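Colleague:
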Amino acid sequence: MERNHHDTSDHHSMMKMYFHTGFTETILFQPWKTTSIPIFICSWIFIFILGILYEGIREIRLDLEEVKLIERPIIPNERNEDELERMNIETIESIVHTKKKNPVQYTERALHSILYAVHIILGYVLMLIAMTFNIYLFLAIIFGIGTGHLLYKWNCIIPSKHKHQRRR
């Protein structure tokens with residue numbers, strides 16, 4: 001009898017396309033297999049830490065962008081006049097900031113680009129891990145990102161006289 005090339009007798013190697021539990025998973029790469037509970041727990045902790053790092057890098061990027069916006073002057077013109085009125089700004093002096101004396105350095109731009117790339121890569125890695133459909137690994141991602149948000153969001157939103165500001 002001739003055997004069909006598409007017929008696989010080993011159905012256990014097929015990826016489960018539904019949420020499931022279990023401790024035997026191949027995560028991202030063939031060598032990263034969780035063949036025992038201790039290896040699975042170590043992988044879970046590593047994925048949890050990746051979630052924390054993902055949120056940490058996100059916050060660093062947002063903080064750097066906020067600093068960049070603060071250093072850039074806002075000059076009233078016809079296009080932003082309505083926006084400034086909507087923000088309930090009483091005086092123009094409160095929104096006009098002085099420019100940095102030095103232009104944005106190449107290293108600062110490189111840092112922004114590297115942080116952006118690492119953030120995107122981490123996001124895709126976490127997405128691919130979630131696509132194993134293992135509930136435990138999915139929860140590691142969710143708990144990691146949630147813990148990262150808790151750790152890096154100490155600067156809360158507080159009401160101000162004119163608008164909401166981030167507290168440092």
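Under our numbering, the first residue of the sequence shown carries the number 1, and numbering increases by one thereafter.
Beta carbons: idealized from backbone N, C-alpha and C, even for Gly.
If you're wondering where the values come from, they're calculated on a predicted model, not measured in any experiment.
If the criterion is Cβ atoms closer than 8 Å, does the pair residue 47 and residue 144 meet it?
Modeller: Here residue 47 is taken as the residue at index 47 of the sequence shown, counted from 1. Here residue 144 is taken as the residue at index 144 of the sequence shown, counted from 1. Cβ distance < 8 Å, so residue 47 and residue 144 count as in contact.
Colleague: Here's the rule: buried if 16 or more other CB atoms are within 10 angstroms of the residue's CB, otherwise exposed. What is residue 44?
Modeller: Within the sequence shown, residue 44 is the residue found at index 44, counting from 1. By the neighbour-count rule (16 or more Cβ atoms within 10 Å), residue 44 is buried.
Colleague: What's the gap between the Cα of residue 20 and the Cα of residue 70?
Modeller: In the sequence shown, counting from the first residue as 1, residue 20 sits at position 20. In the sequence shown, counting from the first residue as 1, residue 70 sits at position 70. Distance between the alpha carbons of residue 20 and residue 70: 47 Å.
Colleague: For a test of the three-state rule: what should DSSP assign to residue 35, helix, strand or coil?
Modeller: On the sequence shown, residue 35 is found 35 positions in, with the first residue counted as 1. Three-state DSSP puts residue 35 in coil, outside helix and strand.
Colleague: Does DSSP put residue 98 in a helix, a strand or coil?
Modeller: Stepping through the sequence shown from its first residue, residue 98 is reached at position 98. Confidence at residue 98 is low in this model, with a pLDDT of 47, below 50, so the placement of that residue should be treated as unreliable; the coordinate-derived value is given next. DSSP places residue 98 in coil when its eight states are reduced to three.
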